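Student:
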Amino acid sequence: MHSQIRRRSAAVVAAVALLAGCASTAPAAAPATGPATGAPTAGSPQAETATVRYAAPGSPSNAVTDPHGLLPGESDVVRMALTYDVLTLPGTDGVTKPRLATAWRPDATLTKWRITIRDDATFSDGRPVKAADALFSLRRMGEKAAENFGRMAMFDLDASKVIDDTTVELVTRKPYAEVGKALEGATFVVPEGSADFSKPVPGSGPFRPTGKGGAQAVVFERNDDWWGPEPPAKVIEVRAVPDPQARAQALLSGQVDLAGGVPATLVKQHEGDTATRVVRRPGATLYPLVMRMDTKPFDDRRVREAVRLALDRRQLLDTVFLGYGELGNDLITPKDPSSPANLPQRTRDLTRAKALMAEAGLAGGVDLTLHSTTAYPGMDSAATLIAQQLAEIGIRAKVRLEPPDTYFSAVYAQKPFYVSYLGGIPFLDVVRVALTPGSPTNETAWKDAAWSADLDKALAEPDDAERRSLLGDLQARLRDQGGYAIWALSDRLDLARAELSGVPEGIGFASAFIDQVSLDG
32 MHSQIRRRSA
42 AVVAAVALLA
52 GCASTAPAAA
62 PATGPATGAP
72 TAGSPQAETA
82 TVRYAAPGSP
92 SNAVTDPHGL
102 LPGESDVVRM
112 ALTYDVLTLP
122 GTDGVTKPRL
132 ATAWRPDATL
142 TKWRITIRDD
152 ATFSDGRPVK
162 AADALFSLRR
172 MGEKAAENFG
182 RMAMFDLDAS
192 KVIDDTTVEL
202 VTRKPYAEVG
212 KALEGATFVV
222 PEGSADFSKP
232 VPGSGPFRPT
242 GKGGAQAVVF
252 ERNDDWWGPE
262 PPAKVIEVRA
272 VPDPQARAQA
282 LLSGQVDLAG
292 GVPATLVKQH
302 EGDTATRVVR
312 RPGATLYPLV
322 MRMDTKPFDD
332 RRVREAVRLA
342 LDRRQLLDTV
352 FLGYGELGND
362 LITPKDPSSP
372 ANLPQRTRDL
382 TRAKALMAEA
392 GLAGGVDLTL
402 HSTTAYPGMD
412 SAATLIAQQL
422 AEIGIRAKVR
432 LEPPDTYFSA
442 VYAQKPFYVS
452 YLGGIPFLDV
462 VRVALTPGSP
472 TNETAWKDAA
482 WSADLDKALA
492 EPDDAERRSL
502 LGDLQARLRD
512 QGGYAIWALS
522 DRLDLARAEL
532 SGVPEGIGFA
542 SAFIDQVSLD
552 G
């Protein structure tokens, strides 16, 4: 029994880290049926910046050194992205970009893919990066599935093989047209045979850890042998700071040059400050309202629809996120390239919501507990306002604030009604973590055999446009039938010194690649 609880706890922690965009985590340059192009190459030297200091979300107390397991904080992902290269990378437009992998080409069945690895990358100890290193790293990720929540589940890694020094043949378990996207995220490549990860092993990334600073402030020096564009900064220091207010204060006091994920209230106070600038990443964060579909009253679709119609989305956006964001339309990954774009905006309709409650036999209302926490800024105020709005249709929701350190193990995927968190990851990652029947982290208890079958059909569709359309249809069905209410999207807000440039624009995993930051404006 205790081992089952431990396994479930590990799965939940891994899922939350992923859904927060910490371990996810997109390829116009590399369509599913053809080669990738547009990989960055070394260019002319840029003006050199001595040191850039970054206060990143994360905790030094649980910092990790293994790139293939659980990466619990953004600071962990940033450190790995400086040290190691990944195979592919999400672009700012959600389309997969090449990194160590320069092409990914399928056979006619979409079950065997030839992955081409760069021939000019070397590890920090001088060894060339080879296809065997890439396959070893993917297999190691497969072995750590319980920690990274099955990121390699679509591959038969035992059947996959090395063809030559620059080519891997990856075998998928069923036709799968999104292999480029599957290789995004934490596919950090390490030398074949690496076993001791108590400290970083040789990497082929743009920087090298110096061993200075400890977990609180890890210091990296530029890798002048990196195959990509020369980083402007000679040194990058990554500080793990768990408190958003403390990160912002570190920037304002001159201790760091970039503070990631700061409170909207503080940003509002410093608008117009010429010494700082705000870096906004639109739609990076969601606080979904979760309704478990296997628990009354949310097992009735009419009640779920009534909840969605009762929400005043504009009031929630302006109150919780201070207007830094946009209205939600109940789409779980609205920034994914496959998200349907032309659905009518869902608006508040109390008359219809009350009628639906009456049809469900709840004309007299219902008493519920709405769980939330202070783990992320505004989650508590969101719950309070949602409860006030739902009271107008007879849902008497008592808000219970849970401790932030246990919220994602005791509440997430456990309670029937709560405020969740999702941070800028692709639709297929959400499917893998939160929409798979039988998964311990299927937080809404979503189970629709026809929907799952249509998902398999979509992933087996070789035509990019048609596949994107099919995936969009699936998201539209989930929007109307599922257990999520997505009321707003919050911008990710960072504070930077005014002269800092080169901060990555992407959301989720893409935001961790800070190798091109510069203090030269």
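Heads up, the sequence shown is in our numbering, so the first residue is 32 and it goes up one at a time.
By construction, the Cβ of each residue, glycine as well, lies at the ideal position given by its N, Cα and C atoms.
Computed from a predicted model, the values in this text were never measured in an experiment.
1) Just checking, does the stretch 330 to 337 make contact with the stretch 384 to 392 on the three C-beta pairs under 8 Å criterion?
2) State the Cα-Cα distance for the pair Pro447 and Arg528, rounded to the nearest angstrom.
3) When you measure from the CB of Thr218 to every non-hydrogen atom of the ligand SAH, does any distance come out below 7 Å?
4) Less than 7 Å between C-beta atoms, sequence neighbours within five positions excluded: which residues of the same chain meet that for Gly104?
5) Might you give, ordered along the chain, the residues of its own chain that have their beta carbon closer than 6 Å to the beta carbon of Ala70, omitting 5 neighbours on each side?
6) Compute the Euclidean distance between the alpha carbons of Ala496 and Lys429, then round it to the nearest angstrom.
7) Would DSSP call Glu530 helix, strand or coil?
8) State the DSSP-derived secondary structure class of Phe544, mapped to helix, strand or coil.
9) If you follow the beta strand (DSSP E) that Ser403 is part of, which residue opens it and which one closes it?
10) By the DSSP assignment, the beta strand (DSSP E) with Glu497 in it spans what residues?
11) For a test of the three-state rule: what should DSSP assign to Glu536, helix, strand or coil?
12) Using a 10 Å radius around the Cβ and a threshold of 16 neighbouring Cβ atoms, would you call Lys366 buried or exposed?
13) Taking the runs of the beta strand (DSSP E) that are 3 residues or longer, which of them lie wholly in the stretch 286 to 342?
14) On a Cα-Cα basis, can you pick out the residue from Arg171, Gly242, Thr203 that is closest to Val221?
15) Check for me: the beta strand (DSSP E) holding Ala271 runs from which residue to which?
16) Please state the DSSP three-state secondary structure of Ser22.
17) What is the DSSP secondary structure of Glu200, counted as helix, strand or coil?
18) Considering only residues of the same chain and omitting the five flanking positions on each side of Thr640, which have a CB-CB separation below 6 Å?
19) Taking the continuous alpha helix (DSSP H) assigned at Tyr438, which residues delimit it?
20) Closest by CA to Leu131, which one among Thr119, Leu141, Gly125?
21) Could you check if Ala543 is buried or exposed, using at least 16 other CB atoms within 10 Å of its CB as the buried criterion?
22) So is Ala372 buried or exposed if we call it buried at 16+ other beta carbons inside 10 Å?
23) Please state the DSSP three-state secondary structure of Asp17.
24) Do you know whose CA, among Thr198, Thr142, Ser106, lies nearest Arg149's CA?
25) Rounded to a whole number of angstroms, what is the C-alpha to C-alpha distance between Arg38 and Ala465?
26) Could you spell out where the alpha helix (DSSP H) holding Ile417 opens and where it closes?
27) Taking a contact to mean a Cβ-Cβ separation below 8 Å, would you say Ala176 touches Met183 in this structure?
28) Please state whether the Cβ-Cβ distance between Val293 and Arg278 is less than 8 Å.
29) Kindly indicate which three-state DSSP category Gly211 falls into: helix, strand or coil?
30) Buried or exposed for Thr382, going by 16 or more other Cβ atoms inside 10 Å?
31) Our contact map puts Asn360 next to Ile517 with C-beta atoms below 8 Å; I'd like the distance itself, whole angstroms only.
32) Could you give the distance in angstroms between the alpha-carbon of Thr147 and the alpha-carbon of Glu474?
33) Measuring alpha carbon to alpha carbon, tell me which residue in Pro237, Thr305, Gln300 is nearest Val548.
34) If distances are taken between C-alpha atoms only, which option among Trp257, Asn254, Ser370, Val269 comes closest to Ala248?
35) Given Gly125, which residues of its chain have a CB within under 8 Å of its CB, disregarding the five upstream and five downstream residues?
36) Could you check what DSSP says for Gly356 in three-state terms: helix, strand or coil?
Tutor: Taking the coordinates as given:
1) Contact annotation: the stretch 330 to 337 touches the stretch 384 to 392, with at least three C-beta pairs closer than 8 Å.
2) Looking at the two C-alpha atoms, the distance is approximately 43 Å.
3) This structure lacks the ligand SAH; in fact it carries no ligand of any kind.
4) Annotation for Gly104: Cys53, Pro88, Gly89, Ser90, Ala271 place their beta carbon closer than 7 Å to its own, counting only its chain and skipping 5 residues before and after.
5) At Ala70, the pLDDT of 42 sits below 50, so the modelled position is not reliable; the number obtained from the coordinates is stated separately. So the list reads Pro129, Thr133, once near-sequence residues are dropped.
6) Taking the straight line from one Cα to the other gives about 45 Å.
7) If DSSP states are grouped into helix, strand and coil, Glu530 belongs with coil.
8) Here Phe544 carries a coil assignment [DSSP, helix/strand/coil].
9) 397 to 404 is the extent of the beta strand (DSSP E) around Ser403.
10) From DSSP, Glu497 is part of no beta strand (DSSP E) but of the alpha helix (DSSP H) over 495 to 512.
11) In the structure shown, Glu536 sits in coil (DSSP, three-state: anything other than H, G, I, E or B).
12) With 16 or more other Cβ atoms within 10 Å, it is buried.
13) Runs found: 307 to 317, 320 to 322.
14) Ranking Arg171, Gly242, Thr203 by CA distance to the CA of Val221 puts Arg171 first.
15) That run of the beta strand (DSSP E) goes 264 to 272.
16) Since the first residue of the chain shown is 32 and the last is 552, residue 22 is not available in this structure.
17) Shown here, Glu200 sits in a strand according to DSSP, grouped into three states.
18) No statement about residue 640 is possible, as the shown extent of the chain runs from 32 to 552 and does not include it.
19) Tyr438 -> alpha helix (DSSP H) spans 438 to 441.
20) When only C-alpha atoms are compared, the closest one is Thr119.
21) Under this definition Ala543 is a buried residue.
22) With fewer than 16 other Cβ atoms within 10 Å, it is exposed.
23) Residue 17 cannot be examined here, being either before or after the span of the chain that is shown, 32 to 552.
24) Of Thr198, Thr142, Ser106, the residue nearest in Cα terms is Thr198.
25) The pLDDT assigned to Arg38 is 45, lower than 50, so where the model puts this residue is not dependable, and the model offers no usable value.
26) DSSP places Ile417 in the uninterrupted alpha helix (DSSP H) bounded by 410 to 421.
27) Judged by beta-carbon spacing, Met183 lies within the 8 Å limit of Ala176, meaning their Cβ atoms are closer than that value.
28) Yes, they are a contact pair.
29) Gly211: helix per DSSP, three-state reduction.
30) By the neighbour-count criterion, in which a residue is buried when 16 or more other Cβ atoms sit within 10 angstroms of its Cβ, Thr382 is exposed.
31) About 7 Å; that satisfies the 8 Å criterion.
32) A direct Cα-to-Cα measurement between Thr147 and Glu474 gives close to 37 Å.
33) With respect to the C-alpha of Val548, the residue from Pro237, Thr305, Gln300 having the closest C-alpha is Pro237.
34) Closest in alpha carbon position to Ala248, among Trp257, Asn254, Ser370, Val269, is Val269.
35) Only Ala57, Lys366, Asp367, Pro368, Pro457 meet the Cβ criterion.
36) Three-state DSSP puts Gly356 in a strand.
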